[in-house]
Amino acid sequence: MSEAELAQVSIYRLDPDTAKEPRYDLYQVPYKGNTVLGVLDYIYQNLDSSLSYREGCTHAWCGVCSLVVNGRPVLACRKSAEKEMVIEPHPKFRLIKDLVVDFNEKVKKPWKLPKATAQFILKAELCDACGDCVIICPTQACGMRKVNGEVKARHTDGRACMGVTCKLCADNCHTMAITIED
Ligand code: SF4
Ligand code: SF4
Ligand code: FES
């Protein structure tokens, strides 16, 4: 396979039980027509089975594959692979190993925060406060608040939002109250 067909993939590696500082391992991987998750699968199956990452529904539904690619939070199973990629764990949650974080445990001081670019636009009159968007949001960027005495959905932590690469809240809102824009 020629160089042109291979992506240069740099991946954050850290096992907090055995090391204090992360390293970045470089891999050359076929990438055209593949997702970031597909690239991670290729690395695991062909190059390095010590790499830890999460894989779930593979259809942009469960959120467990959320991580950071080139500084931007994405769902690995939805994001198309690129020729040059730096892949890192989501910075808002406690690191377990490599790209695996504990979504139940937010960290107080993230090691790095991507720029907040996503906008959560709510048609408040359509929101019936069912809470589905809050439950399905993989990064806790979505929450509820009182507006004029009524509880409505909102962005509670826009910096954690994965934007248009995710849109799980918008896609799963039964009243179509949410629009996510970059
Ligand atoms: S899923 Fe839709 S209706 Fe339910 S709380 Fe979220 S915005 Fe409101
Ligand atoms: S797009 Fe919606 S579900 Fe996805 S991270 Fe942002 S607020 Fe959460
Ligand atoms: S594996 Fe479920 S959202 Fe990516």
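Numbering (this note's numbering), first residue to last: 953 to 1134. The beta-carbon is built from N, C-alpha and C at its ideal position, and this holds for glycine as well.
Test item: CB-CB of residue i and residue j under 7 Å
i: residue 1095; j: residue 1086; result: yes
i: residue 1031; j: residue 991; result: no
i: residue 1017; j: residue 1006; result: yes
i: residue 955; j: residue 982; result: no
i: residue 1106; j: residue 1097; result: yes
i: residue 1187; j: residue 1129; result: Residue 1187 lies beyond the residue range present for the chain, which begins at 953 and ends at 1134; the question has no answer from this structure.
Supposed close pair residue i, residue j - CB separation, criterion 8 Å
i: residue 1059; j: residue 1044; result: 7 Å
i: residue 1091; j: residue 1042; result: 7 Å
i: residue 1039; j: residue 1021; result: 6 Å
i: residue 997; j: residue 978; result: About 18 Å; that fails the 8 Å criterion.
i: residue 1070; j: residue 1134; result: 6 Å
i: residue 1033; j: residue 1100; result: Not a contact, Cβ separation roughly 45 Å.
i: residue 1080; j: residue 1131; result: Residue 1080 to residue 1131, Cβ: 17 Å. No contact.
Spatial distance of residue i from residue j (CA atoms)
i: residue 1051; j: residue 965; result: 7 Å
i: residue 1000; j: residue 1115; result: 30 Å
i: residue 962; j: residue 976; result: 6 Å
i: residue 1124; j: residue 1074; result: 13 Å
Contact test: residue i Cβ vs ligand 1 heavy atom, cutoff 6 Å
i: residue 969; result: no
i: residue 1115; result: no
i: residue 1127; result: yes
i: residue 1079; result: yes
Cβ-heavy atom distance, residue i to ligand 3, below 6 Å
i: residue 1003; result: no
i: residue 1047; result: no
Any non-hydrogen atom of ligand 2 closer than 6 Å to residue i Cβ
i: residue 1073; result: no
Is it a yes or a no for the region 1025–1034 touching the region 1111–1124, going by three-plus beta-carbon pairs under 8 Å?
yes
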